[in-house]
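Chemist: Chains as they are written, first to last, in the working numbering: chain H, 750 to 830; chain R, 528 to 914. We put the beta carbon where it would ideally sit given N, CA and C, even for glycine. Before we start, here is the structure in question, set down as structure tokens.
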């Protein structure tokens, strides 16, 4: 339920949604939807997986904060603390 | 071999999920067929007892071919038939069984079997029952090579059949065939209409605020439901056209266009879309997306759409002009949802909006009918609580 929140955990989740993605070239401030070609359903699955892995409740209004790797780490760390 | 859409000419049988003697009922999944759209689970529409599996695993047969016989009575199938089929009736996850493929030759009595000592040892190592083998050595003696060939055959027969997702090149061919036919045969007409989504999206926001992450809805669900309900009012756009005649659909089974990673598109049906609740539609959409990507769509889902709906979501282009998937007569397309300048009481203000488009078959309807559909969709989206 409460894995360490870091980029590798987030990339692992993204890897299950976009298996062909190369995360070594993914910048921390890139829009994940653009960089990984995530559609609305992919992004929702990403949020659901983040919730399942961290136990953190993520209201819909906060979804935009999860659109980059850096943003997601920052947001989830703050919510967990 | 069922036709799973207008573009399918043949399918390869990759897995039987029943065997002779099994009782089947309508809706049971009896086989898995490899198509250009990936592996598809074949459902049966009869009830009865499987009496014969006609097409062996690995065979590619044209649409319309007999693949199995279903009898009405409970008479056990002849033993020879059972012996002839290495039917993998076990669940896919179970460890592979060692089945020796049947040999056409008459089996020699055990006592009279000729086998070299080396072959006998090899058979023991490989867990092969040498008494079932036909020897190719002197006087029909079983050789090491015979044993090893049999072991290789066992490995192939027992290997869990991998569910292939889809081959992008094959998928491209399927799309090319269907869309080429559509543009050759169907005189399309197109209409577009912008729709204010402020009421729909604020309703959705309130609904989602009260739901856990996994139960939240996407705006696409509202669009899908509104389109399905509008088709009830305008049934001329829900159905198929063949041999110069429009045939209204027996239900509203929306083919939901799913874009596949790696390139490709498939539009499996959500049966009775108009009768399902929004949460039901959401879970169906999620399930379809997952199965479309993993290769687990069912034959009824591919064969039954009466209309297609596509939605570009929150990224992409403002408007989509679709190509009708034959023999359907309409495709409803929702562009990207975004803020647009909107005139409200002689003032311009930003509103979240979507442009809905209709591509329809002019042989089956006229633009007036199409306009009725788009205005019905607009009206329905202004009362989201009723969707």
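Might you give, ordered along the chain, the residues of its own chain that have their beta carbon closer than 6 Å to the beta carbon of residue 778 of chain R, omitting 5 neighbours on each side?
Modeler: Position 251 of the second chain holds residue 778 of chain R. Excluding sequence neighbours, residue 778 of chain R sits near 799.
Chemist: With distances taken from CA atoms, which of R:748, R:803 and R:569 is nearest residue 554 of chain R?
Modeler: Residue numbering aside, residue 554 of chain R sits at position 27 when the second chain is read from its first letter. Closest in C-alpha terms to residue 554 of chain R, from the list R:748, R:803 and R:569, comes R:569.
Chemist: Whole angstroms is fine: what's the gap from residue 784 of chain H's alpha carbon to residue 774 of chain H's?
Modeler: Within the first chain, residue 784 of chain H is the residue found at index 35, counting from 1. Within the first chain, residue 774 of chain H is the residue found at index 25, counting from 1. Cα to Cα, the separation comes out at about 10 Å.
Chemist: So what's residue 861 of chain R in DSSP terms, helix, strand or just coil?
Modeler: Translated into positions along the second chain, residue 861 of chain R becomes position 334. Strand at residue 861 of chain R.
Chemist: Quick one: which chain H residues come within Cβ less than 9 Å of residue 694 of chain R?
Modeler: To locate residue 694 of chain R, count along the second chain from 1; it is residue 167. Within 9 Å of the CB of residue 694 of chain R, no CB atom of chain H is found; the nearest one sits about 15 Å away.
Chemist: When you compare only the Cα positions, how much space is there between residue 564 of chain R and residue 762 of chain H?
Modeler: Here residue 564 of chain R refers to the residue found at position 37 of the second chain. Here residue 762 of chain H refers to the residue found at position 13 of the first chain. Roughly 26 Å between the two C-alpha positions.
Chemist: Give the residues of chain R in contact with residue 809 of chain H, contact being defined as C-beta atoms less than 8 Å apart.
Modeler: Start at 1 with the first residue of the first chain, and residue 809 of chain H comes out as number 60. Result: 732, 735, 736 and 743.
Chemist: By the 10 Å Cβ neighbour count, where 16 or more other Cβ atoms means buried, how is residue 729 of chain R classified, buried or exposed?
Modeler: For the purposes of this step, residue 729 of chain R is taken as residue 202 along the second chain, with counting starting at 1. The residue is exposed, with fewer than 16 neighbouring Cβ atoms inside 10 Å.
Chemist: Contact check, residue 528 of chain R vs residue 594 of chain R under 8 Å by CB: the rounded distance?
Modeler: Start at 1 with the first residue of the second chain, and residue 528 of chain R comes out as number 1. Start at 1 with the first residue of the second chain, and residue 594 of chain R comes out as number 67. Yes, they are in contact, since the Cβ atoms of residue 528 of chain R and residue 594 of chain R sit about 5 Å apart, within 8 Å.
Chemist: Comparing the C-beta of residue 623 of chain R with each C-beta of chain H, is any distance below 7 Å?
Modeler: What you label residue 623 of chain R is simply residue 96 of the second chain in a count that begins at 1. In this prediction, residue 623 of chain R has a pLDDT of 38, which is less than 50 and means its spatial position is unreliable; what the coordinates show is noted afterwards. Not closer than 7 Å to any Cβ of chain H, the Cβ of residue 623 of chain R fails to qualify, so no.
Chemist: Is the Cβ-Cβ distance between residue 882 of chain R and residue 846 of chain R less than 7 Å?
Modeler: Translated into positions along the second chain, residue 882 of chain R becomes position 355. Translated into positions along the second chain, residue 846 of chain R becomes position 319. Yes, Cβ-Cβ distance for residue 882 of chain R and residue 846 of chain R is below 7 Å.
Chemist: Are the beta-carbon atoms belonging to residue 914 of chain R and residue 749 of chain R less than 7 Å from one another?
Modeler: Here residue 914 of chain R is taken as the residue at index 387 of the second chain, counted from 1. Here residue 749 of chain R is taken as the residue at index 222 of the second chain, counted from 1. Yes, they are a contact pair.
Chemist: So which residues on chain R does residue 797 of chain H lean against when the C-beta distance must stay under 7 Å?
Modeler: By 1-based counting over the first chain, the position of residue 797 of chain H is 48. Result: 740 and 741.
Chemist: Residue 789 of chain R versus chain H: which residues are under 8 Å apart at the beta carbon?
Modeler: Taking the second chain and counting its residues from 1, one reaches residue 789 of chain R at position 262. Those are 769, listed as they occur along chain H.
Chemist: Would you say residue 840 of chain R lies against chain H (beta-carbon separation less than 7 Å)?
Modeler: One-based indexing of the second chain puts residue 840 of chain R at position 313. Yes, its Cβ sits closer than 7 Å to a Cβ of chain H.
Chemist: To the nearest angstrom, how far is it from the Cα of residue 721 of chain R to the Cα of residue 880 of chain R?
Modeler: Residue 721 of chain R sits at position 194 when you count from the first residue of the second chain. Residue 880 of chain R sits at position 353 when you count from the first residue of the second chain. Between residue 721 of chain R and residue 880 of chain R, the alpha-carbon positions lie close to 7 Å from each other.
Chemist: Tell me whether residue 897 of chain R is buried or exposed, calling it buried when 16 or more other Cβ atoms sit within 10 Å of its Cβ.
Modeler: Counting from one through the second chain, the residue named residue 897 of chain R turns up at place 370. With a threshold of 16 other beta carbon atoms within 10 Å, residue 897 of chain R meets it and is buried.
Chemist: List the endpoints of the continuous alpha helix (DSSP H) containing residue 803 of chain H.
Modeler: Here residue 803 of chain H refers to the residue found at position 54 when the first chain is read from its first residue. Start and end: 789 to 803.
Chemist: Of the residues R:652, R:905 and R:531, which one's Cα is nearest the Cα of residue 678 of chain R?
Modeler: In the second chain, residue 678 of chain R corresponds to position 151, counting from 1. Closest by alpha carbon: R:652.
Chemist: Could you spell out where the alpha helix (DSSP H) holding residue 564 of chain R opens and where it closes?
Modeler: Residue mapping note: residue 564 of chain R aligns to position 37 of the second chain, counting from 1. Neither: residue 564 of chain R is in no alpha helix (DSSP H) and is coded neither H nor E.
Chemist: In terms of residues, what are the limits of the alpha helix (DSSP H) holding residue 872 of chain R?
Modeler: Position 345 of the second chain, counting from 1, holds the residue named residue 872 of chain R. If you look at residue 872 of chain R, you'll find it isn't in any alpha helix (DSSP H); DSSP assigns it neither H nor E.
Chemist: Among R:775, R:873 and R:654, which one has its Cα closest to the Cα of residue 761 of chain R?
Modeler: Indexing the second chain from 1 puts residue 761 of chain R at position 234. Comparing Cα positions, the closest option is R:775.
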